[in-house]
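What follows is one structure encoded as structure tokens, with my remarks underneath.
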Amino acid sequence: MAEIPSELRYTDSHEWVKLEGEIATVGITEHAQGLLGDMVFVELPELGNVHAGTESGVVESVKAASDIYAPLNGTIVEVNEALNDAPETVNTDPYGEGWLYKMKVENPDEVTSLMDADAYSEKVEEDTD
Amino acid sequence: MTKRTALHPQHLAANAKMVDFFGWEMPLHYGSQIEEHHAVRQDAGMFDVSHMTIVDVEGSEAKAYLQHLLANNVDKLKLPGKALYSCMLNDEGGVIDDLIAYYFDDTHYRLVVNSATRDKDVPWIEKQAKGFDVAIHERDQYAMLAVQGPNARDKVHQVLDQNWLDLLTALKPFQAFCAGETIVARTGYTGEQGYEIMGEAAFVQQLWQDLLAKDVAPCGLGARDTLRLEAGMNLYGNDMDETTSPLESNLTWTIAFEPVERNFIGRNVLEKEKAAGIKNKLVGLVLEGKGVLRSHQKVVVEGVGEGEVTSGTFSPSLKLSIALARLPMDSQEQCCVEIRNKLIPARIVDPCFVRQGKSMIEKEK
Chain A
1 MAEIPSELRY TDSHEWVKLE GEIATVGITE HAQGLLGDMV FVELPELGNV HAGTESGVVE
61 SVKAASDIYA PLNGTIVEVN EALNDAPETV NTDPYGEGWL YKMKVENPDE VTSLMDADAY
121 SEKVEEDTD
Chain B
130 MTKRTALHPQ HLAANAKMVD FFGWEMPLHY GSQIEEHHAV RQDAGMFDVS HMTIVDVEGS
190 EAKAYLQHLL ANNVDKLKLP GKALYSCMLN DEGGVIDDLI AYYFDDTHYR LVVNSATRDK
250 DVPWIEKQAK GFDVAIHERD QYAMLAVQGP NARDKVHQVL DQNWLDLLTA LKPFQAFCAG
310 ETIVARTGYT GEQGYEIMGE AAFVQQLWQD LLAKDVAPCG LGARDTLRLE AGMNLYGNDM
370 DETTSPLESN LTWTIAFEPV ERNFIGRNVL EKEKAAGIKN KLVGLVLEGK GVLRSHQKVV
430 VEGVGEGEVT SGTFSPSLKL SIALARLPMD SQEQCCVEIR NKLIPARIVD PCFVRQGKSM
490 IEKEK
């Protein structure tokens, strides 16, 4: 069973969100990186406004390309440039050094619309069945 | 219900991620397909290829029949155990499948065809046998293991019958050693040294265990694909199929037009195609910008026309993206590939990227 930290929030499309004040850090879950396999390329999004659910970057493994979706409304303020040279960090440390970008959210309360760890665990189990 | 090979328990014991591969439950990887890839380039890896279809052709007219069925000429096979790569074409000159034919004697050959195309291959092979004194038998009792890498032959020698050692050491590429139900062939799909070994299930299961004890890495379908693509070897269904000509698939070398009187299936169409001028070619691409080449991406060759990526991947050995692509015949040197609505520059190269651990694209830089 893949690790699902209890302090994070989760999307249907397997992004995780860590909200600190009005800054949300976004990455993909351990379950998602496991499905995709060895990561070879990360296309980071441009800085600027995004709406929840819009494409904001791509992660590509040897096997396939997978779009990243913005979990919340807001403005992307920083991307993890280190992934340009070391995309495999998304595999080895998906919740730490493998983060994708940081965004300044419009409304921090929106985060409660995302799944908590328990709900996401259930979803992952359903998907695996 | 998916089918399982004799090595299924071994895959589970090695923590394989199993997937449905055209009706067979096969290992995709055992943790990291990139590590498996490097094991084959740097040491030795093994692949379960028992899902491939084995068809024996026996009878007084076996040779004449295969000279009709196959685009390459089995008359090139003189030594028992010698193998030949060939296409099997339809009446329109399209590729039904690619295969390896093994020669035992003029009345007995063995074909190894793709498992994904088994359901169309076997009826075609049987249909074409009408009028020839041959019997066609599928041999599904055998398991098959490919052992590949710079140390693969040495490690196989250590675990097989020591009485076979001199004969195995002397084997040339595309030659096989046969002992009873076991065939050890110097063939493969990785661009490395190694063997493909056919035998009874219990023998191949024991071989797997013995090679595991010699640190031969189990490798899945994922690594098999990146290795064959680096080696510039075609994958049936991606790089050629029933709608493509072998002459536009970098397979002209496998078509034996001599002797002219040998009337193999598809010959007339290929001759007309040659006379009219071949329009496309299958080339290698090396991506110069960021991204990963994937099959079906559009390729734009400025001033010439458009083509398509047939197989693409990230090359673990070269650490950049490579592909096979079908492009207009006049395409030279440079092109652009459309990736997510952006045109990314790529270099056109011979379709062979890595051989025996060495990059083949450096010299062109």
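Taken in sequence, the protein lines are chains A and B. Quick note, the first sequence lines up with residues 1 to 129 if you use the working numbering. Quick note, the second sequence lines up with residues 130 to 494 if you use the working numbering. For glycine and all other residues, C-beta sits at the position ideal for the given N, C-alpha and C.
Query raised in the report: According to DSSP, is Q304 (chain B) helix, strand or coil?
Result: Numbered from 1 along the second sequence, position 175 holds the residue referred to as residue 304 (chain B). DSSP places Q304 (chain B) in strand when its eight states are reduced to three.
Requested in this report: Name, please, each residue of chain B whose Cβ falls closer than 7 angstroms to the Cβ of V40 (chain A).
Outcome: As a working note, residue 40 (chain A) is residue 40 in the first sequence. Result: V421 and F443.
Query raised in the report: Out of curiosity, what's the CA-to-CA distance linking I254 (chain B) and V478 (chain B)?
Result: To locate residue 254 (chain B), count along the second sequence from 1; it is residue 125. To locate residue 478 (chain B), count along the second sequence from 1; it is residue 349. Cα to Cα, I254 (chain B) sits roughly 36 angstroms from V478 (chain B).
Query raised in the report: Quick one: complete beta strand (DSSP E) runs, 3+ long, within the stretch 348 to 381 of chain B?
Result: Listed in chain order, nothing qualifies, since the stretch 348 to 381 of chain B has no complete beta strand (DSSP E) run of 3 or more residues.
**Report entry** Residue closest to D269 (chain B), alpha-carbon to alpha-carbon, out of B:Y232, B:P209, B:D204 and B:R133
**Finding:** Stepping through the second sequence from its first residue, residue 269 (chain B) is reached at position 140. Answer by Cα proximity: B:R133.
Query raised in the report: Apart from the five residues on each side of it in sequence, which residues of its chain come closer than 6 angstroms, Cβ to Cβ, to V42 (chain A)?
Result: Taking the first residue of the first sequence as position 1, residue 42 (chain A) is located at position 42. Same-chain partners within the cutoff: V59, L83 and P87.
Report task. Report the rounded CA-to-CA distance for Q485 (chain B) versus L8 (chain A), giving the unit in angstroms. Result -> For this step, residue 485 (chain B) is matched to residue 356 along the second sequence. For this step, residue 8 (chain A) is matched to residue 8 along the first sequence. Taking the straight line from one Cα to the other gives about 47 angstroms.
Query raised in the report: Using the C-alpha atoms, what's the distance from K146 (chain B) back to N379 (chain B)?
Result: Position 250 of the second sequence, counting from 1, holds the residue named residue 379 (chain B). Position 17 of the second sequence, counting from 1, holds the residue named residue 146 (chain B). Computed Cα separation, rounded: 33 angstroms.
Query raised in the report: Just curious, the alpha helix (DSSP H) that T439 (chain B) is in, first and last residue?
Result: Numbered from 1 along the second sequence, position 310 holds the residue referred to as residue 439 (chain B). No alpha helix (DSSP H) contains T439 (chain B), which is instead part of the beta strand (DSSP E) from G434 to S444.
Query - Member of A:I4, A:D85, A:S13 and A:T128 whose CA lies at the smallest distance from the CA of S66 (chain A) - result: Numbered from 1 along the first sequence, position 66 holds the residue referred to as residue 66 (chain A). Closest in C-alpha terms to S66 (chain A), from the list A:I4, A:D85, A:S13 and A:T128, comes A:S13.
Query raised in the report: What residues from the stretch 156 to 179 of chain B come within 9 angstroms of chain E, judged by C-beta to C-beta, listed N to C?
Result: Here the protein chains are A and B, and chain E is not one of them.
Query raised in the report: Secondary structure at G278 (chain B), three-state DSSP: helix, strand or coil?
Result: Position 149 of the second sequence holds residue 278 (chain B). In the structure shown, G278 (chain B) sits in coil (DSSP, three-state: anything other than H, G, I, E or B).
Query raised in the report: Among A:A119, A:E81, A:L72 and A:D116, which one has its Cα closest to the Cα of H51 (chain A)?
Result: Numbered from its first residue, the first sequence carries residue 51 (chain A) at position 51. Among A:A119, A:E81, A:L72 and A:D116, the Cα nearest to that of H51 (chain A) belongs to A:L72.
Query raised in the report: In three-state DSSP terms, what is E493 (chain B)?
Result: On the second sequence, residue 493 (chain B) is found 364 positions in, with the first residue counted as 1. Residue confidence is low: E493 (chain B) scores 47 on pLDDT, short of 50, so the model does not pin down where it sits. No coordinate-derived value is stated.
Query raised in the report: Counting contacts by CB-CB distance shorter than 8 angstroms, is E81 (chain A) in contact with chain B?
Result: By 1-based counting over the first sequence, the position of residue 81 (chain A) is 81. No - not a single Cβ of chain B is within 8 angstroms of the one on E81 (chain A).
Query raised in the report: Are the C-beta of T381 (chain B) and some C-beta of chain A separated by less than 8 angstroms?
Result: Here residue 381 (chain B) corresponds to residue number 252 of the second sequence, with the count starting at 1. By this cut-off, T381 (chain B) is not an interface position.
Requested in this report: Under 6 angstroms Cβ to Cβ from H266 (chain B), same chain only, skipping five residues before and after it: list those, please.
Outcome: As a first step, residue 266 (chain B) must be located in the second sequence, where it is residue number 137. Result list for H266 (chain B): D185, in chain order.
Requested in this report: In the DSSP assignment, find the alpha helix (DSSP H) that holds T131 (chain B) and state where it starts and stops.
Outcome: To locate residue 131 (chain B), count along the second sequence from 1; it is residue 2. In the DSSP assignment, T131 (chain B) falls outside any alpha helix (DSSP H), carrying neither H nor E.
Query raised in the report: When you check each C-beta in the stretch 324 to 349 of chain B against every C-beta of chain A, which residues fall closer than 9 angstroms?
Result: Against chain A - using a Cβ distance shorter than 9 angstroms - the stretch 324 to 349 of chain B contributes no residues.
**Report entry** Neighbourhood of P5 (chain A) by C-beta distance below 7 angstroms, restricted to the same chain and skipping five residues each side
**Finding:** Numbered from its first residue, the first sequence carries residue 5 (chain A) at position 5. The answer, listed in chain order, is Y95 and A117.
Report task. Let me know if T131 (chain B) comes out buried or exposed under the rule of 16 or more other beta-carbons within 10 Å of its beta-carbon. Result -> Start at 1 with the first residue of the second sequence, and residue 131 (chain B) comes out as number 2. Counting the other CB atoms within 10 Å of its CB gives T131 (chain B) a total below 16, which places it among the exposed residues.
Query raised in the report: From K494 (chain B) to E417 (chain B), what does the alpha carbon distance come to, in whole angstroms?
Result: Mapped onto the second sequence, residue 494 (chain B) falls at position 365. Mapped onto the second sequence, residue 417 (chain B) falls at position 288. Per-residue confidence for K494 (chain B) stands at a pLDDT of 43, beneath the threshold of 50, marking its modelled position as unreliable; the derived number appears in the next sentence. Straight through space, the alpha carbons of E417 (chain B) and K494 (chain B) are spaced by roughly 11 angstroms.
Query raised in the report: Is G418 (chain B) close to chain A, meaning its C-beta is less than 8 angstroms from at least one C-beta of that chain?
Result: For the purposes of this step, residue 418 (chain B) is taken as residue 289 along the second sequence, with counting starting at 1. So, not an interface residue.
Requested in this report: Answer yes or no: does any C-beta atom of chain A fall closer than 8 angstroms to that of K494 (chain B)?
Outcome: Locating residue 494 (chain B) in the second sequence gives position 365, counting from the first residue. Low local confidence applies: a pLDDT of 43 at K494 (chain B) is under 50, so the model's placement there is unreliable, with the coordinate-based value given in what follows. It does not: the Cβ of K494 (chain B) has no partner Cβ on chain A nearer than 8 angstroms.
Query raised in the report: Helix, strand or coil: which one does DSSP assign to P108 (chain A)?
Result: Here residue 108 (chain A) is taken as the residue at index 108 of the first sequence, counted from 1. Here P108 (chain A) sits in helix by DSSP.
Query raised in the report: Any beta-carbon of chain A closer than 8 angstroms to the one on G413 (chain B)?
Result: On the second sequence, position 284 is the one that residue 413 (chain B) refers to. For G413 (chain B), the answer is no, since every Cβ of chain A falls outside 8 angstroms of its Cβ.
Report task. Would you list the residues sitting across from S450 (chain B) in a DSSP beta bridge? Result -> Numbered from its first residue, the second sequence carries residue 450 (chain B) at position 321. Its beta-bridge partners are B:F443.
Query raised in the report: What are the complete beta strand (DSSP E) segments, minimum 3 residues, inside the stretch 160 to 206 of chain B?
Result: Within the stretch 160 to 206 of chain B, the complete beta strand (DSSP E) runs of at least 3 residues fall at 174 to 177 and 182 to 187.
**Report entry** Three-state secondary structure (DSSP) of K259 (chain B)
**Finding:** Position 130 of the second sequence, counting from 1, holds the residue named residue 259 (chain B). In this structure, K259 (chain B) counts as coil in the three-state DSSP scheme.
Query - Anticipated Cβ contact below 8 angstroms, P457 (chain B) with G434 (chain B), distance rounded - result: Against the second sequence, residue 457 (chain B) aligns to sequence position 328. Against the second sequence, residue 434 (chain B) aligns to sequence position 305. Taking a contact as a CB-CB distance under 8 angstroms, the pair P457 (chain B) and G434 (chain B) counts as one, their CB atoms being some 4 angstroms apart.
**Report entry** Below-8 angstroms beta-carbon distance, K63 (chain A) vs any chain B residue
**Finding:** Along the first sequence, one-based indexing puts residue 63 (chain A) at 63. With its beta carbon less than 8 angstroms from one in chain B, K63 (chain A) belongs to the interface.
Query - Per-residue DSSP class, three states only, for A330 (chain B) - result: Counting from 1 along the second sequence, the entry for residue 330 (chain B) is found at position 201. In this structure, A330 (chain B) counts as helix in the three-state DSSP scheme.
Query - Start-to-end residues for the beta strand (DSSP E) that takes in Y69 (chain A) - result: Here residue 69 (chain A) refers to the residue found at position 69 when the first sequence is read from its first residue. For Y69 (chain A), the enclosing beta strand (DSSP E) begins and ends at A65 to Y69.
Query raised in the report: If F306 (chain B) and G210 (chain B) are in contact, beta carbons under 8 angstroms, what's the gap, nearest whole angstrom?
Result: As a working note, residue 306 (chain B) is residue 177 in the second sequence. As a working note, residue 210 (chain B) is residue 81 in the second sequence. Rounded to the nearest angstrom, the Cβ distance from F306 (chain B) to G210 (chain B) is 6 angstroms, consistent with a contact under 8 angstroms.
Query raised in the report: Pairing CB atoms from the stretch 311 to 324 of chain B with CB atoms from the stretch 203 to 220 of chain B, are three or more of them under 8 angstroms?
Result: The answer is yes - the stretch 203 to 220 of chain B touches the stretch 311 to 324 of chain B, with three or more Cβ pairs under 8 angstroms.
Requested in this report: Give the residues of chain A in contact with T355 (chain B), contact being defined as C-beta atoms less than 9 angstroms apart.
Outcome: As a first step, residue 355 (chain B) must be located in the second sequence, where it is residue number 226. Contacts between T355 (chain B) and chain A, judged by CB atoms closer than 9 angstroms, involve V62 in chain order.
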